Amino acid sequence: MKAPAPSDTLMEDIVGLCKRRGFIFQSSEIYGGYNGFYDYGPLGVELRNNIKQAWWRDFVQCRDDMEGLDSTIIMHPKIWKASGHVDGFSDPLVDCKESKLRYRADQLFFAPVRVDGEIIGYVSVIECIDQQEVAEKAAAEMKRKMAKQGELGTIELKEYTEAKPEQYELIPSPATGKPGSLTEPREFKLMFETKVGPLADDSATAYLRPETAQGIFANYKNIVDTGRVKIPFGIAQIGKAFRNEITPRNFIFRSREFEQMEIEYFISPHADWKTLHREWIDTCTDWLVSIGLPREGISEDIHPEDKLAFYSQATTDLMFQFPHGEQELWGIACRSDYDLKQHQEHSGKSMTIFDETTKEKYVPHVIEPSLGVDRTLLAVLSAAYTEDEVPNDKGKVEKRVLLKFSPKIAPVKAAIFPLLKNKPELVEAAKKLYEKLQRRWNVFYDASGAIGRRYRRQDEIGTPFGITIDFDTIEKDGTVTLRDRDTCEQRRVTEDELIKFLDEQING
Ligand code: ATP
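Take any residue in the sequence shown, count from 1 to its spot, add 245: that is its number in the working numbering.
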């Protein structure tokens with residue numbers, strides 16, 4: 246599989262296919278939709294579950310050094326005070342006073358436009374794949390409109406967070422194109438607040454978790470006390486997280502309700518954390534490849550030391566080539582003993598562990614691989630989306646859309662077709678096979694329409710295998726036709742061979 250090239254049309258095609266075929270819908274659509282929230286339809290929920298199950302199997306069940314957890318979404322508000330989220334979990338917000346639109350200051354870029362070295366105005370642009378090009382065009386247009394002669398200087402875009410106070414008035418709003426309406430950036434709190442209990446005063450304020458990680462730290466002591474864990478070990482959790490994102494966008498890439506798959510991997514303070522961090526980066530990359538992402542579409546973004554939080558030793562993000570550009574998919578951070586020490590201080594409970602090997606007691610350090618389910622699903626969809634041309638039933642070459650999902654995570658593993666729906670013997674044999682396979686995998690039975698049309702419908706939802714029952718099956722040797730989604734190649738196999746093959750492809 247190839248890395249998808251960034252393109253707006255690919256995103257549009259994916260969004261269209263997801264709605265048309267029942268993968269993902271805008272939440273509350275009958276009421277006009279609700280920005281930043283998405284619902285997963287029949288195929289979406291299967292795909293989502295398969296991604297989560299693959300992660301859980303590979304990182305929890307197949308590892309001897311990992312424990313699973315499912316903590317609550319609403320936790321004691323003191324947890325968020327201790328973790329620093331109450332005071333510090335925010336994004337810089339800019340208002341456009343005229344249009345009433347809001348922007349994230351770190352996703353809004355500006356540059357002075359210089360002609361022969363003299364500043365003639367400013368351009369601004371919202372973060373996008375071709376932001377440099379958009380800004381250069383706007384600068385050339387400004388020069389033309391102002392009838393300035395001379396050489397246009399290079400456009401050096403900077404984040405709005407880096408603008409000087411005297412520049413706020415001069416930078417145009419992306420909404421109106423005119424300067425004077427943007428405010429200075431202010432911190433906008435991202436945690437959703439709610440009230441718990443019958444009192445509605447401040448003492449009842451609680452938060453929807455903005456990450457699952459703190460539930461792990463809050464339960465670390467329980468797991469150390471009740472389990473038989475030995476350093477190094479990890480605690481893993483999959484669950485919903487909520488962030489009141491200023492600008493949810495790019496489909497499910499950035500939403501306000503999403504799901505995370507997080508691990509806190511506890512290590513000795515004396516461990517060679519750099520090597521362990523590297524091992525986690527490689528393990529995580531290999532896992533993404535194992536569920537069907539192209540290795541060449543994945544890259545590493547190492548956070549520069551001067552941009553790290555004071556407690557953080559290192560962070561590397563695994564980036565993926567999404568349709569809207571290269572963006573963070575998986576954050577892998579070395580967070581030292583900061584979180585556990587904060588909870589030790591705020592709760593008054595010891596967070597130490599006794600290391601059997603070195604006979605020491607210490608608060609462990611932690612490596613945190615944190616992955617979004619929805620972003621993984623978008624990555625998988627973008628890598629799988631393919632258009633090609635294949636001959637139809639009559640031999641005429643037609644365009645087809647297919648999703649090249651790995652059989653491991655494909656929502657429907659195989660489709661079973663009787664060649665003709667008006668031949669009871671074929672229908673009966675096909676239904677019998679369908680019911681047999683249904684006990685093991687999510688499979689689909691389809692008897693309606695020409696066989697080519699039925700194949701095409703399955704190609705579009707990414708079903709890797711088509712199984713056709715024809716007259717040879719019932720009259721001759723019991724073999725069925727097995728069709729490969731990607732190559733369209735067909736071969737005859739016995740039922741035993743079929744089940745063995747499917748098992749290898751799906752679970753192997
Ligand atoms: P970004 O910089 O893109 O906002 P982040 O650095 O704030 O992301 P983390 O706090 O490290 O993200 O969260 C860990 C993972 O959770 C991310 O790598 C991403 O996969 C996922 N994630 C975070 N925020 C969102 C969101 N709003 N919608 C969907 N997934 C998200």
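Even glycine gets a Cβ: it sits at the ideal position worked out from N, Cα and C.
Model, not experiment: these values are computed from the prediction.
At least one heavy atom of ligand 1 sits closer than 7 Å to the Cβ of W575. Secondary structure remark: continuous alpha helix (DSSP H) runs of at least 4 residues inside the stretch 615 to 679, in chain order: 618 to 629. Here V331 carries a helix assignment [DSSP, helix/strand/coil].
If you look at Y700, you'll find it in the alpha helix (DSSP H) that goes 696 to 705. Straight-line measurement puts the Cα of I324 at about 7 Å from the Cα of A463. N495 has its alpha-carbon roughly 17 Å from the corresponding atom of F487. The beta carbon of D351 sits closer than 8 Å to the beta carbons of D336, P337, E404, Y405, T406 from its chain, once the five residues preceding and following it are set aside; these are given in chain order.
Counting every other CB atom within 10 Å of its CB across the protein chains shown gives I483 a total of 16 or more, marking it as buried. DSSP lists I661 as the bridge partner or partners of Y690. Judged by beta-carbon spacing, H515 lies beyond the 8 Å limit of I612, meaning their Cβ atoms are not closer than that value. Counted as a single uninterrupted DSSP element, the alpha helix (DSSP H) harbouring E742 occupies residues 740 to 752. Of the residues assessed, Y367 falls on the buried side of the cut-off, its CB having 16 or more other CB atoms within 10 angstroms.
CA-to-CA, the gap between L727 and I400 works out to about 57 Å. Restricted to the stretch 381 to 451, not a single alpha helix (DSSP H) segment is unbroken, complete and at least 4 residues in length. The beta carbon of K666 sits closer than 8 Å to the beta carbons of V672, A692, S693 from its chain, once the five residues preceding and following it are set aside; these are given in chain order. V625 is positioned such that its CB atom lies closer than 8 Å to that of L538.
In the three-state DSSP reduction, C373 falls in the coil class, being neither helix nor strand. Beyond the five residues adjoining it in sequence on each side, Y510 comes within less than 6 Å, by CB distance, of G479, I612 in the same chain, given in chain order. For G617, the shortest separation between its Cβ and any heavy atom of ligand 1 lies below 7 Å. Counting only runs that start and end inside the stretch 472 to 514, the beta strand (DSSP E) elements of at least 3 residues fall at 478 to 487, 502 to 512. In terms of Cβ geometry, I696 and P656 do not form a close pair [threshold 8 Å].
When DSSP states are grouped into helix, strand and coil, H569 belongs to the coil group. Burial is judged here by how many other beta carbons sit within 10 angstroms of a residue's own beta carbon; Q505 has at least 16 and is buried. Looking at the backbone, the Cα of R499 and that of Y583 are separated by about 27 Å. Distance check between I461 and each of P287, E312, I712, G261 places E312 closest, using alpha-carbon atoms only. The straight-line gap separating the alpha-carbon atoms of S513 and S592 is approximately 22 Å.
Taking Y690 as reference, the option from I719, K658, D717, E670 with the minimal CA-CA separation is K658. In the DSSP annotation of this structure, G711 is not part of any alpha helix (DSSP H); the continuous beta strand (DSSP E) holding it starts and ends at 710 to 714. For K606, the enclosing beta strand (DSSP E) stretches over residues 605 to 607. Within the stretch 534 to 605, the complete alpha helix (DSSP H) runs of at least 4 residues fall at 583 to 592. In the DSSP annotation of this structure, the continuous segment of the alpha helix (DSSP H) that includes V290 starts and ends at 287 to 301.
Here Y279 carries a coil assignment [DSSP, helix/strand/coil].
Burial of S627 is indicated by the presence of at least 16 other C-beta atoms within 10 angstroms of its C-beta. For R620, the distance from the CB to the nearest heavy atom of ligand 1 is below 7 Å. In this structure, the alpha-carbon of Y630 lies about 20 Å from that of Q271. At a threshold of 7 Å, F503 counts as near ligand 1, since its beta carbon sits closer than that to one of the ligand's heavy atoms.
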